[in-house]
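For what it's worth, this note's numbering labels the leading residue of the sequence shown as -11, then goes sequentially. Idealized CB from N, CA, C, for every residue including glycine. Computed from a predicted model, the values in this text were never measured in an experiment. Here is the structure we will look at.
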Amino acid sequence: MPDGEVSVGRDPANAVCINDPSVSRRHCLIRCEAGACRVEDLDSFNGTFVNGVPIGVQPLTDGDRIGVGDVVLLFLCRNGEAEDYSLGVELDAGIVTHSMTRLRREDAHYLRPESLLVSDSGPSRAARDLNALLKISMAVNSIRDMDTLQRRLLELILEVTPAEHAAILLAETGAPDFVSAFGWSRDVGGGASVRVSRTVTGQVLLGGEAVLCNDIGEGSDAVVSDSLVAQRVRSLLCVPLSIFERVIGVIYCDTENPAAPFDDEHLQLLMAIASVASVAIENIRHVELLVGENRRLRQELGAEFNMIGESAPMQRIYQRISRVAPSDSTVLIRGESGTGKELAARAIHAYSERRDDAFVAINCATLTEHLLESELFGHEKGAFTGAVSQKKGKIEVAEGGTLFLDEVGELPMPVQAKLLRVLQEREFERLGSTRPIKVNVRVIAATNRDLEGAIKNGTFRKDLYFRLNVVSLVMPSLSERCEDIPLLANNFVSKYSKKCKRKVMGITPEARACLAAYGWPGNVRELENAIEHAVVLGATDFIVLEDLPDAVIEGRRPSQQGTPKFYHAVIETKKHLITDALKQVDGNYTKAAELLGIHPNNLHRLIRTLGLKERCIDR
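Listed below in structure tokens is the structure:
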């Protein structure tokens, strides 16, 4: 994509105009500079999402899905133009008609074994070609990377034919032109610029027939491009890459040596090579497609558990996680309740070498001492009343993976001693057993308690604290990263509008200002609850101020409410309008709501939020 920017929105003035009410007039901007692209949200009502995650500014990679309202845009780096090749292949428009031989797939000798018994070239050449075909087949079927496959394939073709230059050009299904090309030269290798005939390759791509041209440039009936004449090309071959009756590309070869032109047997051999290569190329394409799709689906399915935020405190957390994750060190995550400590633990696990094994979480504050001990370490049959069978504990279940101990500060002292042994010796015993069990787990603990104070009070072991606090991670409170509130709010609106099956198109500026002005003592968890409350109780397509919980509206910090006089004036105006409407209809809430143009439920919430109940009753 060339450098510049592309605006996306509902307004016709945008470069990409999307006439959908869920899209803001100016929704987002896609910028490209020096080959790198990024998308920037323009403070849209319902936010911009990349692969299911809300963003402010986000770099883009090939295949990313950009969500704007109910519309999903697919970002592709490739532009599909045949002239834009990065591997030294150039197409020209020359037409070659002199001394041309065509070969259909069904007439190829090597695809019809019975025809080899009567080959005019004799048994020695047929055996040599079969041996070359077997070598190529074994080579290409052991490669899983497209560039490596094309390079190796062209190297082998130059070994078994007199070709001096060769190229593989690939097309997409139904596309009239090529979308990628890979060139190779006998003398220079992959750095060579291979010029091919657009007319010949185009005919082969569309017709599916192989072409052999000799004595190029000789004779009065030959029409060739100046570039082919300048290169002194005397002979060329072009065969289709076909699979399941579809042509997915071509293999092109040429030579300048008049003493070693291509013949029919070269054409037959290259046709057979193309048949083998087609399967390998299509398989790699499918694998690459599935890998990319799997990556995007994982991002979308995991969006609920992703850490969201672009503020400086969150950037520091991301950097810390990226450094900690690859190691096996024990991590202690600290922070207020609702700051996302478990999300951080899951992120550490996801980016570690243990990501393919289990992530096992247990809340140490929700169970009694006896049950917690059984849950952690497991028990043998008959270990206590009710132990009717053997049970593996969380530590054993997490073998090879990660054990997450939430609220670790609530561990009873006897359990702390046993956990210390796990961290020191990497072994434990089930309840009712004397046989030690070796374990390979990574421990991540989290707490919102003052562990240093607990040590002084004698409620937490000092040696366990040092074993847990190898690497410390402190999650910032939401008040420390207020700029992330819009991203988090948009994410929760998207989540709960789907969950509640109620279409919500965004958050009004007044409601956004209220969210930003509130202190959020419950952090991200409280914000999520507030948005769920608004989505469930809201009656319009947008979340308005009155949809938010009373505690959020009333708990706004005055210093962060913009212009206090403005908000005060708005509130007083609302009170006056509601009171006046109720007087006009003699206190009938339904008629008053109709007069005001709002839903009756919305009117009830406004009356309650604005403290008008007594005034309205006393009419």
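Helix or strand or just coil, what does DSSP make of residue i?
i      : result
Ala63  : The sequence shown places Phe at residue 63, rather than the Ala named in the question. Residue state, collapsed to three classes: coil.
Ala469 : Looking at the sequence shown, residue 469 is not Ala but Arg. Helix.
Ile231 : strand
Leu594 : helix
His15  : coil
Thr578 : helix
Gly389 : coil
Ile495 : strand
Arg322 : strand
Phe448 : coil
Asp242 : strand
Asp394 : strand
Cys502 : helix
Glu298 : coil
Asn34  : coil
Leu525 : helix
Glu292 : Low confidence applies here, because Glu292 scores a pLDDT of 49, under 50, leaving its location unreliable; read the following figure in that light. Of the three classes helix, strand and coil, the one that applies to Glu292 here is helix, per DSSP.
Ser263 : helix
Lys489 : coil
Pro588 : helix
Arg414 : coil
Ser174 : The displayed chain sequence assigns Arg, not Ser, to residue 174. Residue state, collapsed to three classes: coil.
Ala1   : coil
What are the boundary residues of the alpha helix (DSSP H) that residue i is part of?
i       : result
Gln46   : Where Gln46 is concerned, there is no enclosing alpha helix (DSSP H), although the beta strand (DSSP E) it sits in stretches over 45 to 48.
Gly190  : 186 to 195
His153  : Note, His153: premise wrong, no alpha helix (DSSP H); beta strand (DSSP E) at 153 to 159.
Phe250  : Counting along the chain, Phe250 falls outside any alpha helix (DSSP H), and DSSP gives it neither H nor E.
Glu(-7) : Segment -8 to -3 is the beta strand (DSSP E) holding Glu(-7); no alpha helix (DSSP H) there.
Arg53   : Where Arg53 is concerned, there is no enclosing alpha helix (DSSP H), although the beta strand (DSSP E) it sits in stretches over 53 to 56.
Ser362  : 357 to 365
Ala338  : 329 to 338
Thr422  : Thr422 -> no alpha helix (DSSP H), and no H or E assigned at all.
Asp135  : 134 to 148
Indicate whether residue i and residue j have their beta-carbon atoms separated by less than 8 Å.
i      : j      : result
Ser299 : Arg469 : yes
Pro464 : Pro301 : yes
Leu255 : Leu91  : yes
Gln138 : Phe170 : yes
Ser230 : Ser181 : no
Leu439 : Ala477 : no
Trp508 : Leu466 : yes
Glu417 : Lys426 : no
Ile676 : Leu146 : The requested residue 676 is not part of the displayed model; the chain covers only -11 to 607.
Leu393 : Ala335 : no
Thr567 : Leu594 : no
Ala346 : Tyr240 : no
Asn39  : Arg53  : yes
Ala557 : Leu536 : no
Val462 : Tyr506 : no
Cys226 : Thr187 : no
Ser168 : Arg322 : no
Ignore the nearest five residues each way along the sequence and tell me which others in residue i's own chain have a CB closer than 6 Å to its CB.
i      : result
Asn445 : none
Ala120 : Val148
Lys380 : Gly366
Ser340 : Ala313
Asn67  : Residue placement at Asn67 is poorly supported in this model, since its pLDDT is 44, which falls under 50; the coordinates still yield a value, given next. No residues qualify anywhere along the chain.
Gln378 : Glu368, Lys369
Keeping to the same chain, check which residues put their C-beta closer than 7 Å to that of residue i; ignore five residues upstream and five downstream.
i      : result
Pro588 : Tyr577, Thr578, Ala581
Lys382 : Val348, Ile350, Glu363, Leu364, Leu391
Ala527 : His587, Asn589, Asn590
Leu408 : Arg449, Asp451, Leu452, Arg455
For the ligand GDP, is there a heavy atom less than 7 Å away from the beta-carbon of residue i?
i     : result
Asn39 : Absence of the ligand GDP from the depicted structure is noted, as is the absence of any ligand whatsoever, leaving it without description.
Output the boundary residues of the beta strand (DSSP E) element that contains residue i.
i      : result
Asp29  : 24 to 29
Ile432 : 430 to 435
Val349 : The identity of residue 349 in the sequence shown is Ala, whereas the question assumes Val. Where Ala349 is concerned, the enclosing beta strand (DSSP E) stretches over 347 to 351.
Leu461 : 459 to 462
Leu200 : 198 to 202
For residue i, which residues from the same chain have a beta carbon less than 8 Å from its beta carbon, with the 5 sequence-adjacent residues on both sides left out?
i      : result
Val458 : Ser317, Thr318, Val319, Leu320
Ser74  : Because the pLDDT at Ser74 is just 41, under 50, the model does not fix this residue reliably, and the value given afterwards should be weighed accordingly. Contacts found: none.
Asn34  : Ser10, Ser12, Gly57, Asn478, Val481, Ser482, Val492, Met493, Gly494, Ile495
Leu257 : Tyr98, Asp117, Ala120, Leu121, Val148, Thr149
Ile6   : Val(-4), Gly(-3), Arg(-2), His15, Val56, Gly57, Val59
**OP:** Check whether the segment 399 to 406 touches the segment 343 to 358, counting contact only when three or more Cβ pairs, one atom from each stretch, lie closer than 8 Å.
**Re:** yes
**OP:** Could you tell me whether the segment -5 to 4 touches the segment 12 to 19, where touching means 3 or more Cβ pairs closer than 8 Å?
**Re:** In this structure the segment -5 to 4 touches the segment 12 to 19; the number of beta carbon pairs closer than 8 Å is three or more.
**OP:** Flag this pair as touching only if the segment 121 to 133 and the segment 252 to 268 have three or more C-beta atom pairs under 8 Å; answer yes or no.
**Re:** yes
Original post:
Touching or not, the segment 482 to 497 and the segment 447 to 458, by the rule of three or more beta carbon pairs under 8 Å?
Top reply: Verdict: no, contact absent.
**OP:** Say whether the segment 48 to 65 touches the segment 518 to 532, bearing in mind that this needs 3 or more beta-carbon pairs closer than 8 Å, one atom from each stretch.
**Re:** No contact exists between the segment 48 to 65 and the segment 518 to 532.
Original post:
Touch check for the segment 42 to 60 and the segment 511 to 522: three-plus C-beta pairs under 8 Å?
Top reply: no
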